[in-house]
Amino acid sequence: MKIEKRSAVAVGITAVVVAVVLLAGMGRARAANAPDRYLHVRVDGAADGEKVSVNVPLALAEKVLPAINHGELHGGKVKIGNMNTGDVDVRAILDAVRSSPDNEFVTVQQADQDVRVAKVGDNLVVHVRSKDADGKENKAEKVDVTVPLSIVDAVLKNNTNSEIDLNAVLRALQNSGESFVVNVQNAEQTVRVWVDGKNDSN
Amino acid sequence: MILAKLGVGFLCVTVTAGSVALSEGLVHVSVHQKAADGTHLSLVVPGVLAPIALYWVPRSHLQQAGGQLRPWMPAIRAAVEEMKNEPDMTYVEVVQADQHVKVSKIGGAVNVDVDDPNETVHVSTPLRAIGSTLEELGSKADPHVTQ
């Protein structure tokens, strides 16, 4: 009887340990397979062929940023000089832009470049095109930025305190789908920044 | 009977010691020099040895490094913990004409691979070992100095 009881206790303890290990492993596997979003930065050097690729899980950035207290960055917030817009109600302007139909708001044509700022869907779109001396578009140099209005909202959230809540920006990036894109191209290099659900930038 | 008990005891001690030694995983360092007479080095060390080795280093030797590291420890802890939950991926890759550097996470370890015309270097460090080693290094900072 004693041997049977001892065996039963041993089997019971073993079963509990195995169950805990399995559940912990499943939890970790579930976390590893949970959909995550990644910030990608890719720099391609046209002249020397240098390529730099950086991939950062947004979840990692959300955990690390609040833990950094250095320089102007504290607790996930960064102080940006003087962001005080005075009497201009930036949020009201943003709300007006958000509720308006798709439209081109700003067009600037200069001798050396053209700038366009427009709203397309829920995104703010900025195009900058350089011009050659003869006024024709220089296709080698251009800037294209597509920023969801939710991210602009997050950036301007604390503009009265002249600080940007990077945690809020990251959360907005998480929810932005694949709309956030920055492309900067010149004769020497191409820089692309984007967010998607893939953990590589290929 | 006594010999059997001694054998079981020895086996338990060996398994326990091995488990402790491997609790932090294995650090793998490989250096392959491409010259004809170059050196080829491959080293596999239990990760648990790194923080233990740092523990025995006098504080005065590591105080400066520890002091520089200490303000970043909360961020490092958060990064190491979160990286354990992330899938395998490449974090940074730099490709130049004569050099290729890649920092990635594969199977619970951070890998740094460098390939240049002279040599190929591969370092693989388990995340657990990185965390405990940096904690030990951070603890060497002067406790009376706040940064």
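First to last, the protein sequences are chains U and A.
Going by my numbering, the final residue of the first sequence carries number 202, and the count climbs one at a time with no gaps.
Going by my numbering, the final residue of the second sequence carries number 1147, and the count climbs one at a time with no gaps.
Just so you know, even glycine gets a beta-carbon here, dropped at the ideal spot from N, CA and C.
Item checked: Contact with chain A by V64(U), beta-carbon distance below 8 Å -> yes
Next item on the list: From the DSSP output, read off the bridge partner residues of I164(U).
Entry: V78(U)
Note to self: Counting only beta-carbon separations shorter than 8 Å, does K77(U) have a partner in chain A?
What the structure shows: no
Check: chain A beta carbons: is any one of them nearer than 8 Å to that of V195(U)?
Finding: no
Margin query: Given a cut-off of 8 Å on the beta-carbon distance, is the pair L1026(A) and G1047(A) in contact?
Written below: yes
Notebook entry, point to check: Per DSSP, what kind of secondary structure is P57(U) in: helix, strand or coil?
Noted result: strand
Checklist line | Minimum Cβ-Cβ distance from M1089(A) to chain U less than 8 Å | finding: yes
Item checked: Members of the segment 1048-1080 of chain A near chain U, C-beta cut-off 9 Å -> P1071, W1072, M1073, P1074, A1075, I1076, R1077, A1078 and A1079
Note to self: What does DSSP give as the partner residue(s) for I1106(A) in the beta ladder?
What the structure shows: A1109(A)
Notebook entry, point to check: Between which two residues does the beta strand (DSSP E) harbouring D114(U) extend?
Noted result: Q113 to V120
Notebook entry, point to check: Name the DSSP bridge partner or partners of H1032(A)?
Noted result: H1040(A) and T1120(A)
Notebook entry, point to check: Using a C-beta to C-beta distance shorter than 7 Å, which residues of chain U count as neighbours of V1094(A)?
Noted result: V52
Notebook entry, point to check: Looking only at C-alpha atoms, which of V1044(A), P1058(A) and G1131(A) sits nearest to A1078(A)?
Noted result: G1131(A)
Check: So which residues of chain A does D271(U) contact, with C-beta pairs closer than 7 Å?
Finding: The question about residue 271(U) has no answer, for chain U in this structure spans 1 to 202.
Notebook entry, point to check: Are the C-beta of E1024(A) and some C-beta of chain U separated by less than 8 Å?
Noted result: no
Notebook entry, point to check: Looking only at its own chain, which residues have a Cβ that is under 6 Å from the Cβ of D144(U), when we skip the five neighbours before and after it?
Noted result: H127 and N183
Check: DSSP three-state call for E154(U): helix, strand or coil?
Finding: The amino acid at residue 154(U) is misidentified as Glu; the sequence shows Ala. The answer is helix: DSSP assigns A154(U) an H, G or I state.
Item checked: C-alpha distance - K198(U) paired with G121(U), whole-angstrom precision -> 24 Å
Next item on the list: Return the first residue and the last residue of the beta strand (DSSP E) that A140(U) is part of.
Entry: E137 to P148
Notebook entry, point to check: On the three-pair Cβ rule with 8 Å, is the segment 1103-1121 of chain A touching the segment 1022-1038 of chain A?
Noted result: yes
Next item on the list: Pick helix, strand or coil for G1131(A), following the three-state DSSP scheme.
Entry: helix
Check: What number of angstroms, rounded off, separates the C-alpha of K157(U) from the C-alpha of I164(U)?
Finding: 7 Å
Next item on the list: Flag this pair as touching only if the segment 1037-1044 of chain A and the segment 1083-1097 of chain A have three or more C-beta atom pairs under 8 Å; answer yes or no.
Entry: no
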